[in-house]
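The opening position of the sequence shown corresponds to residue 1 in full-length UniProt numbering, with each subsequent residue numbered one higher. Think of the CB as a built atom: it goes at the ideal place given N, C-alpha and C, for glycine as much as any other residue. Keep in mind it's a predicted model, so treat the numbers as computed, not measured. Okay, structure first, notes after.
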Amino acid sequence: MPTFKPQLADDEIYHIYNRGIDGKIVFPKNEYYERFIQGLGLFNTADPVNIKDVVVNSSNPGIRSQGRGGERLVDVGLFNLRPTHYHLLLRQVVPNGISLFMQKIGTGFTTFYNLKNKRSGPLFQGAFRAKLVDKDRYLKHLFAYIALNSLDNDMPEWRDGGITDRKKAEELLINAKWSNFGSLFKNDKRFNGVVNEDFVKEFFDSHSELKEFVLSWGVAEADLIKEITAG
């Protein structure tokens with residue numbers, strides 16, 4: 001899978017994925033999720049960032065702990081953090097933007113994790129995996145797939161193309177704490193400065209259309225997603 005070496009293309013959208021080495025839980029507590037999300041905003045710049053200056057804001061992990069200057073590297077469209085892995089939907093804005101962004105994210109979060117747990121060495125399985133999303137139809141399915149990862153604990157049958165209880169699924173998705181999907185439907189400002197709010201509007205006419213598309217997940221979508229995801 002692609003890591004830092006391949007040249008990812010500007011203005012293209014990629015599914016970015018990685019998991020903890022040997023299935024390690026990389027987000028054991030809220031502060032780990034918050035730190036990673038804050039990094040999505042803080043490290044999205046070509047300028048260097050002093051990791052020591054980063055302070056986790058538990059009430060709003062999206063708020064940067066210091067002013068971010070410089071040219072942004074990527075547009076963040078969607079993210080979902082799970083205990084052992086993460087999914088990101090990114091558009092590269094500048095040459096080598098995704099690789100530099102992910103290098104900063106990986107280094108910053110691994111340093112934080114290792115200091116907290118008095119360990120050393122890598123935390124994730126290599127750098128990251130990247131899959132180009134080259135068709136709008138695929139992108140819509142990827143929005144759904146990344147959001148639906150939040151159902152893994154309570155409704156794992158979604159992975160086989162079966163959402164048996166739409167009301168329950170909607171409630172779980174809207175209230176998933178470590179994905180920005182739910183914030184699209186609420187007056188939730190937690191992820192200001194992290195996510196490009198116009199990203200989803202390029203592919204769905206409304207948030208209601210997006211929600212309906214996600215909740216209509218079926219067997220055909222489950223089969224297709226195996227071909228278009230990074231992991």
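- Residue range 74-82 is occupied by the beta strand (DSSP E) that includes G77.
- With a 10 Å radius around the Cβ and a threshold of 16 neighbouring Cβ atoms, N175 comes out exposed.
- Relative to I163, the option among R72, H85, R19, V214 whose CA is nearest is V214.
- Following the DSSP letters along the chain, one finds I13 inside the beta strand (DSSP E) bounded by residues 13-19.
- L115 has its alpha-carbon roughly 42 Å from the corresponding atom of R137.
- Annotation for Q38: the continuous alpha helix (DSSP H) segment containing it runs 30-42.
- For K104, the enclosing alpha helix (DSSP H) starts and ends at 97-117.
- The beta carbon of Y145 is closer than 6 Å to those of I225 in its chain, skipping five residues each way along the sequence.
- The shortest C-alpha to C-alpha distance from N18 to any of G70, I37, T84, L40 is the one to T84.
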